[in-house]
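Chemist:
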Amino acid sequence: VSDLPVVIVGNGVAGMACARKLARLGGSPLVVGPGLPYDRPPLTKKALVTGARPVGDAKSLSARGIELLDGIAESVDVDARRVRVRTAGGDVEVDGAAIVLALGLRYQPPQVSGLEDAHVNATPQGFARLAPTLADGPKRVLIIGAGLIGTETAATLAGCGHSVTLVDFEERPLHRLHDPIPQIALETLQALGVTFFGGVEIVGAALGPSAVVSTASHDDIETEVVIAATGGRLPELSGIALPFPLRVDESMRVPELESIYAIGDCAAPPFADFGRIRLPHWDAAIGMGDRAADTIMADDDRAFDRLPYWWSDIGTRTISEVGDASVVVEWVVQDGLHLGRDGDGRIACVFLADDPKRLRAARELLTAARSGGLGANAYG
Ligand SMILES: Cc1cc2nc3c(=O)[nH]c(=O)nc-3n(C[C@H](O)[C@H](O)[C@H](O)COP(=O)(O)OP(=O)(O)OC[C@H]3O[C@@H](n4cnc5c(N)ncnc54)[C@H](O)[C@@H]3O)c2cc1C
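Residue numbers for the sequence shown follow the working numbering, so the first one is 338 and each next one is one higher.
(1) Is the beta carbon of alanine 408 sitting closer than 8 Å to the one on valine 392?
(2) Going by CA-CA distance only, name the one from Glu524, Ile633, Val540, Ser450 that's closest to alanine 491.
(3) For arginine 466 and aspartate 556, I'd like the C-alpha separation in whole angstroms.
(4) Beta carbon of serine 663: closer than 7 Å to some heavy atom of ligand 1?
(5) Quick one: complete beta strand (DSSP E) runs, 3+ long, within the stretch 516-568?
(6) Going by the C-beta, is valine 563 closer than 7 Å to any heavy atom of ligand 1?
(7) Would the beta-carbon of proline 580 fall within 8 Å of that of phenylalanine 611?
(8) Take the Cβ of isoleucine 505 as the centre, count every other Cβ of all protein chains shown within 10 Å, and call the residue buried at 16 or more, exposed below.
(9) Shorter than 7 Å, the distance from the beta carbon of glycine 347 to the closest heavy atom of ligand 1, or not?
(10) Here's the rule I'm using: 16 or more other beta-carbon atoms within 10 Å means buried, otherwise exposed. How should lysine 396 be labelled?
(11) Per the DSSP calculation, threonine 424 is bridged to which residue(s)?
(12) Verify the contact flag: threonine 567, CB atom, against every heavy atom of ligand 1, threshold strictly below 7 Å.
(13) Which runs of the beta strand (DSSP E) at least 3 residues long sit entirely within the stretch 596-673? Give them in chain order.
(14) Please name the residue in Val563, Met589, Ala705, Glu559 whose C-alpha comes closest to that of aspartate 638.
(15) Check for me: the alpha helix (DSSP H) holding proline 582 runs from which residue to which?
The following block contains the structure:
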């Protein structure tokens with residue numbers, strides 16, 4: 338048995354889930370990441386109202402068997418299982434019995450001249466910079482990007498009394514998601530007083546207390562706070578030559594690299610009955626973190642049978658979904674549940690609008706359908 342810790346690179350949702358499970362199972366996790374660990378979903382929701390709080394500090398986590406190393410991993414030597422970390426006190430090297438990569442995605446403003454210093458609330462560091470600018474009274478806020486992060490942020494800030502404009506290249510918010518989600522988002526934003534402009538291309542900006550953002554399609558937009566919510570990009574890490582998202586097996590191992598695991602948004606695992614999906618959402622990150630810990634402690638080779646699941650709160654509206662919408666060719670509404678069938682007529686996805694209490698029923702329905710309990714025509 339090695340005395341070395343399990344080095345987890347990344348102190349977000351997946352990394353902390355893995356650390357908690359390892360500690361519960363008697364392992365010694367060392368979590369590398371900048372600052373204290375924070376959960377992510379609150380950053381677009383409750384934290385904009387009440388402030389962001391870390392999930393623990395170094396002392397409380399250490400008491401639970403989790404050690405933190407405040408820094409950024411610069412490179413990994415996969416053969417030596419050694420991670421080089423840049424810390425405030427200089428570079429350090431840590432050796433691990435195993436290394437778990439939990440790097441998440443990178444959130445930065447788009448590469449448009451003048452937008453370099455736009456706010457980004459998707460990370461704890463960006464959130465900490467944004468929060469004081471919103472603290473002293475209602476502001477005019479421009480949010481660039483109407484994906485889940487931009488749409489949720491717009492709804493929350495409008496609900497707090499800010500005057501919010503949301504813009505996107507596309508004509509509808511949440512355009513990548515299936516109907517009726519974009520329509521739900523649009524109606525909710527309108528009810529909250531958010532001004533949404535679609536078909537907008539930002540071409541330049543002059544930021545400051547009175548910011549001006551120029552578009553190719555509309556007039557200039559004058560505002561006080563600019564938030565970029567243009568999506569996350571896949572990470573890179575020196576020493577990891579394989580492309581991200583890393584294709585892991587059902588135990589979260591990177592098959593090509595001994596004792597290296599990958600979890601969360603930087604990995605694509607094979608979901609039992611669904612195949613390999615990249616699902617950059619909270620529940621999948623927790624599930625992958627748990628599974629990596631199980632494998633490290635007990636060589637767990639079971640199928641990864643977590644159901645794909647995500648949710649979003651847009652103001653007072655809640656949408657939730659289990660399964661894989663990307664393979665759905667037909668949606669039918671049955672008893673308030675939106676059922677998506679794949680090309681073989683099997684139920685592949687169940688979508689719920691404002692009905693989180695029925696999530697369990699949706700899960701059971703999908704599980705039964707996937708295990709063959711429900712035929713292609715069981716629901717209509
Ligand atoms: C603002 C926001 C709101 C969300 N809301 C929802 C929601 O409502 N519902 C839902 O289902 N999902 C939601 N998600 C998605 C969900 O939170 C993510 O899928 C989840 O956080 C992924 O976990 P992760 O650990 O892979 O990445 P993250 O939680 O992003 O953590 C990655 C961590 O790795 C660190 N890191 C990166 N590179 C290095 C390095 N080289 N060295 C050290 N550390 C490094 C980063 O600083 C970061 O702390 C939301 C995501 C965001 C960003």
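Backbone N, C-alpha and C define an ideal beta-carbon position, used for all residues, glycine too.
Modeler: The relevant details are as follows:
(1) Indexing the sequence shown from 1 puts residue 408 at position 71. Indexing the sequence shown from 1 puts residue 392 at position 55. The residue you asked about is not alanine; residue 408 is glycine in the sequence shown. For glycine 408 and valine 392, no; Cβs fall outside 8 Å.
(2) The residue you call residue 491 lines up with position 154 of the sequence shown. Among Glu524, Ile633, Val540, Ser450, the Cα nearest to that of alanine 491 belongs to Glu524.
(3) If you number the sequence shown from 1, residue 466 lands on position 129. If you number the sequence shown from 1, residue 556 lands on position 219. Answer to the nearest angstrom: the Cα atoms are 28 Å apart.
(4) On the sequence shown, residue 663 is found 326 positions in, with the first residue counted as 1. No, ligand 1 has no heavy atom inside 7 Å of this Cβ.
(5) If we require 3 residues or more, the beta strand (DSSP E) runs fully inside the stretch 516-568 come out as 532-534, 539-543, 548-552, 558-560, 562-565.
(6) Residue numbering aside, residue 563 sits at position 226 when the sequence shown is read from its first letter. Valine 563: no, Cβ never under 7 Å from ligand 1.
(7) Here the question's residue 580 lines up with position 243 in the sequence shown. Here the question's residue 611 lines up with position 274 in the sequence shown. Going by C-beta atoms, proline 580 is not nearer than 8 Å to phenylalanine 611.
(8) Start at 1 with the first residue of the sequence shown, and residue 505 comes out as number 168. First, the residue type needs correcting, since residue 505 is aspartate and not isoleucine in the sequence shown. Result: buried.
(9) Stepping through the sequence shown from its first residue, residue 347 is reached at position 10. Yes; taking the cut-off as 7 Å, the Cβ of glycine 347 has a heavy atom of ligand 1 nearer than that.
(10) In the sequence shown, residue 396 corresponds to position 59, counting from 1. Classification for lysine 396: exposed.
(11) Against the sequence shown, residue 424 aligns to sequence position 87. BP columns for threonine 424 point to Gly427.
(12) Start at 1 with the first residue of the sequence shown, and residue 567 comes out as number 230. Because no heavy atom of ligand 1 lies under 7 Å away, the Cβ of threonine 567 does not count as near it: no.
(13) Fully enclosed beta strand (DSSP E) runs of 3 or longer: 597-599, 646-651, 654-660, 667-671.
(14) Taking the first residue of the sequence shown as position 1, residue 638 is located at position 301. Aspartate 638 has its Cα closest to that of Met589, out of Val563, Met589, Ala705, Glu559.
(15) Taking the first residue of the sequence shown as 1, we reach residue 582 at position 245. Segment: none, proline 582 is in no alpha helix (DSSP H) and carries neither H nor E.
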